[in-house]
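A.B. asks: Residue numbers (UniProt numbering): 1 to 413. First the structure, which I've put down as structure tokens, then a few questions once you've had a look.
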Amino acid sequence: AVVSSDRTLTYGELFRRTNQLARKLRESGAVPNRLIAIVMEKGWEQVLAALGILQAGAAYLPIDPNLPQERLLYLLENGEVEIALTQTGWMDKIAWPSHVRVFTVEDADLQDYEDTPLDVVQGPDDLAYVIFTSGSTGQPKGVMIDHRGAVNTILDINERFGVKPEDKVFALSALNFDLSVYDLFGTLAAGGTIVFPEPEGLRDPSHWSEIMKREGVTIWNSVPALMEMLVDYADGQADLLPKGLRLVLLSGDWIPVSLPDRLRKLIPTVEIISLGGATEASIWSILYPIGEVDPEWTSIPYGKPMKNQRFYVLNELLEPCPTWGPGQLYIGGIGLAKGYWKDEAKTNASFIRHPVTGERLYKTGDIGRYLPDGNIEFWGREDFQVKIQGYRIELGEIEAALSQHDAVRNVVV
1 AVVSSDRTLT YGELFRRTNQ LARKLRESGA VPNRLIAIVM EKGWEQVLAA
51 LGILQAGAAY LPIDPNLPQE RLLYLLENGE VEIALTQTGW MDKIAWPSHV
101 RVFTVEDADL QDYEDTPLDV VQGPDDLAYV IFTSGSTGQP KGVMIDHRGA
151 VNTILDINER FGVKPEDKVF ALSALNFDLS VYDLFGTLAA GGTIVFPEPE
201 GLRDPSHWSE IMKREGVTIW NSVPALMEML VDYADGQADL LPKGLRLVLL
251 SGDWIPVSLP DRLRKLIPTV EIISLGGATE ASIWSILYPI GEVDPEWTSI
301 PYGKPMKNQR FYVLNELLEP CPTWGPGQLY IGGIGLAKGY WKDEAKTNAS
351 FIRHPVTGER LYKTGDIGRY LPDGNIEFWG REDFQVKIQG YRIELGEIEA
401 ALSQHDAVRN VVV
């Protein structure tokens, strides 16, 4: 089920350990729609922690342990966290709030608990996870995703691309980046194997190559910039990539129009998929299988909506735009988030009801247009949000941080 440099877990071992952790968490007060923090570096422990939290009935809040202490404490406080799971090496490195109970997922900490499964206490509409993204006010906002939305996206990908037990997925994305939701739960739902890089090798394509070849990775899922790094590293040397790499999922940022052909020169049979959407819509909502790239294209098409999800190009009156006519992109369907954690005003501003159809929609802030073949073309943002390696950054948050410095009078980013 899980392979990392220092640990391998079979499905049987993962099942038993998850049940033990779930029992410990439920006895400690885990209930539906309460958040339990996962404060961990990349590693096998993240899988056990996320599964254990969900088995216990709660939802998980992923936090990067390398965040500045002030930011980390804000997330714990704002998330009303009373229980946090971490790795042994981080127990003494973080100044944990006194009211937060901190556990590890090591064998010795779980051996006293039964390894049989608990009764399920949550439903499809209960929270699965909350991921905090950059906020324009200077503080991050927590996106609340329920089980129904996440499962819908995962099953669509697995069914559409025939993900099966023989597949091995390279888990490169950070846990607080929603691509990791597929890495973990999409892989396990198919009975496949999650392959972890070492934390110190997260930005080293030579390390990726070594791990991927050794473990026989078949599926890659990342922002385009990381795949571009791998292709640059392997340029002209196909033997640096696993021969069985069959599916590449790219999302979170613009895909260079030259990248698909460069990758196919190394692995001619690989299937390359462009995906898009928003954290507010359960990982992905739209996709485009990248076949032959027209030399005249300036961008890869955004694509068409995924199963049980909808994508619209609407004008200021929320009317459909004609083909070629630019408009605002809205997402509908069962993948939509429940809203923003403890922020009703922001939720009401971003999640609206269509005045005619009554459908609940998420206003993405993106601009695009319909193409004649029914695909949507992505044009960019209507605001000052930018992306860095797939992470959404609100420039207002950067401005708010800089303005706190005593030497700064005014700031524009």
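Just so it is clear, CB atoms sit at the ideal spot from N, CA and C, and this is done for glycine as well.
Let's test the definition: count the other Cβ atoms within 10 Å of the Cβ of Asn-348 and tell me whether it reaches 16, buried, or not, exposed.
C.D. replies: Counting Cβ neighbours within 10 Å, Asn-348 comes out exposed, since fewer than 16 surround it.
A.B. asks: Does the distance from the CB of Gly-57 to the CB of Gln-122 come in under 9 angstroms?
C.D. replies: Yes, Cβ-Cβ distance for Gly-57 and Gln-122 is below 9 angstroms.
A.B. asks: Can you look up Ala-407 in the DSSP assignment and give me helix, strand or coil?
C.D. replies: The answer is coil: DSSP assigns Ala-407 none of H, G, I, E or B.
A.B. asks: What does DSSP give as the partner residue(s) for Ile-219 in the beta ladder?
C.D. replies: Partner(s): Val-169, Leu-247.
A.B. asks: Determine the closest residue to Trp-379 out of Val-130, Leu-329, Ser-258, with distance taken between C-alpha atoms.
C.D. replies: The shortest C-alpha separation from Trp-379 is found at Leu-329.
A.B. asks: To the nearest angstrom, report how far apart Ser-285 and Arg-264 are at their CA atoms.
C.D. replies: Taking the straight line from one Cα to the other gives about 25 angstroms.
A.B. asks: Out of curiosity, what's the CA-to-CA distance linking Thr-364 and Phe-311?
C.D. replies: Looking at the two C-alpha atoms, the distance is approximately 10 angstroms.
A.B. asks: Would Leu-336 and Glu-382 be called neighbours here (beta carbons separated by less than 9 angstroms)?
C.D. replies: No. Outside cutoff.
A.B. asks: If we require 4 or more residues per run, which alpha helix (DSSP H) segments fall completely within the stretch 100-159?
C.D. replies: The qualifying runs are 107-110.
A.B. asks: Can you give the Cα-Cα distance for Gly-29 and Ala-37, rounded to whole angstroms?
C.D. replies: Computed Cα separation, rounded: 13 angstroms.
A.B. asks: Looking only at its chain, what residues have a beta carbon closer than 6 angstroms to the beta carbon of residue 435, apart from the 5 residues adjacent to it on each side?
C.D. replies: Nothing about residue 435 can be reported from this structure: the residues present for the chain run from 1 to 413 only.
A.B. asks: With Leu-226 and Ser-251 assumed to form a contact (beta carbons below 8 angstroms), what rounded beta-carbon distance in angstroms separates them?
C.D. replies: Their Cβ separation, rounded to whole angstroms, is 11 angstroms, which puts Leu-226 and Ser-251 out of contact at 8 angstroms.
A.B. asks: Is there contact here, the stretch 76-94 with the stretch 32-47, by at least three beta-carbon pairs under 8 angstroms?
C.D. replies: Cβ pair count under 8 angstroms is three or more, so yes.
A.B. asks: Starting from Ile-53, follow the beta strand (DSSP E) in both directions and report where the run begins and ends.
C.D. replies: From DSSP, Ile-53 is part of no beta strand (DSSP E) but of the alpha helix (DSSP H) over 44-56.
A.B. asks: According to the Cβ coordinates, are Ile-145 and Lys-338 closer than 9 angstroms?
C.D. replies: Contact flag set, yes.
A.B. asks: Among Ile-376, Ile-272, Arg-360, Ala-345, whose alpha-carbon lies nearest the alpha-carbon of Val-313?
C.D. replies: Ranking the options by Cα distance to Val-313, first place goes to Ile-376.
A.B. asks: What separation, rounded to the nearest whole angstrom, lies between the Cα atoms of Asp-235 and Phe-196?
C.D. replies: Cα to Cα, the separation comes out at about 23 angstroms.
A.B. asks: For Val-120, which residues from the same chain have a beta carbon less than 8 angstroms from its beta carbon, with the 5 sequence-adjacent residues on both sides left out?
C.D. replies: Gly-57.
A.B. asks: Between which residues of its own chain and Pro-199 is the CB-CB distance below 8 angstroms, once the five residues before and five after are set aside?
C.D. replies: These residues qualify, in order along the chain: Glu-41, Lys-42, Gly-43.
A.B. asks: Just how far apart, CA to CA, sit Trp-90 and Ile-194?
C.D. replies: The straight-line gap from Cα to Cα measures roughly 23 angstroms.
A.B. asks: Do the stretch 210-219 and the stretch 244-259 touch if we need at least three Cβ pairs shorter than 8 angstroms?
C.D. replies: At 8 angstroms Cβ cutoff, the stretches touch.
A.B. asks: What residues in its chain sit with their C-beta under 7 angstroms from that of Arg-17, if we drop five residues either side in the sequence?
C.D. replies: The residues are Leu-48, Leu-110.
A.B. asks: Any heavy atom of the ligand PLP closer than 8 angstroms to the beta-carbon of Val-293?
C.D. replies: Although the ligand PLP was asked about, the structure shown includes no ligands whatsoever.
A.B. asks: Can you name the start and end residues of the beta strand (DSSP E) that Val-39 belongs to?
C.D. replies: First-last of the beta strand (DSSP E) with Val-39: 35-39.
A.B. asks: Just checking my contact of Val-223 with Gly-192 at CB under 8 angstroms: how many whole Å lie between their CB atoms?
C.D. replies: 21 angstroms between Cβ atoms; not a contact.
A.B. asks: Can you give me the Cβ contacts of Val-143 inside the same chain, cut-off strictly under 7 angstroms, excluding the 5 residues immediately before and after it?
C.D. replies: Hits under 7 angstroms: Val-130, Ile-131, Thr-133, Thr-279, Glu-280, Ala-337, Tyr-340.
A.B. asks: By Cβ distance below 6 angstroms, which residues in the same chain neighbour Trp-220 in space, the five residues on each side in sequence not counted?
C.D. replies: If we look at Trp-220 and ignore the five residues flanking it on each side, its Cβ neighbours are Phe-170, Val-248.
A.B. asks: What residue from Asn-19, Gly-12, Glu-344, Ile-267 has the CA that sits closest to Asp-115's CA?
C.D. replies: Checked all of Asn-19, Gly-12, Glu-344, Ile-267; the closest Cα to Asp-115 is Asn-19.
A.B. asks: Can you check which of these residues, Gln-69, Gly-52, Lys-346, is closest to Tyr-362 by C-alpha distance?
C.D. replies: It is Lys-346.
A.B. asks: Distance, Cα to Cα, Val-3 vs Thr-357?
C.D. replies: Taking the straight line joining both Cα atoms gives about 47 angstroms.
A.B. asks: When the Cα atoms are used, what is the spatial distance from Pro-260 to Ile-290?
C.D. replies: Distance between the alpha carbons of Pro-260 and Ile-290: 7 angstroms.
A.B. asks: With DSSP as the reference, please indicate the residues paired to Glu-377 in a beta bridge.
C.D. replies: Answer by DSSP bridge pairing, in chain order: Arg-369.
A.B. asks: Could you compute how far the alpha carbon of Leu-266 sits from the alpha carbon of Ile-154?
C.D. replies: Whole-angstrom Cα-Cα distance: 28 angstroms.
A.B. asks: If contacts are defined as beta-carbon pairs under 8 angstroms, then Val-100 and Glu-80 qualify, I think. What distance do you get, rounded to the angstrom?
C.D. replies: Not confirmed; about 10 angstroms, so no contact.
A.B. asks: By Cβ distance, which residues of its chain are closer than 6 angstroms to Asn-33, with the 5 residues on each side in sequence left out?
C.D. replies: Only Asp-126, Leu-127 meet the Cβ criterion.
A.B. asks: Under the assumption that Ala-50 contacts Leu-240 (Cβ atoms under 8 angstroms), give the Cβ distance between them as a whole number of angstroms.
C.D. replies: About 31 angstroms separates the two Cβ atoms, so there is no contact after all.
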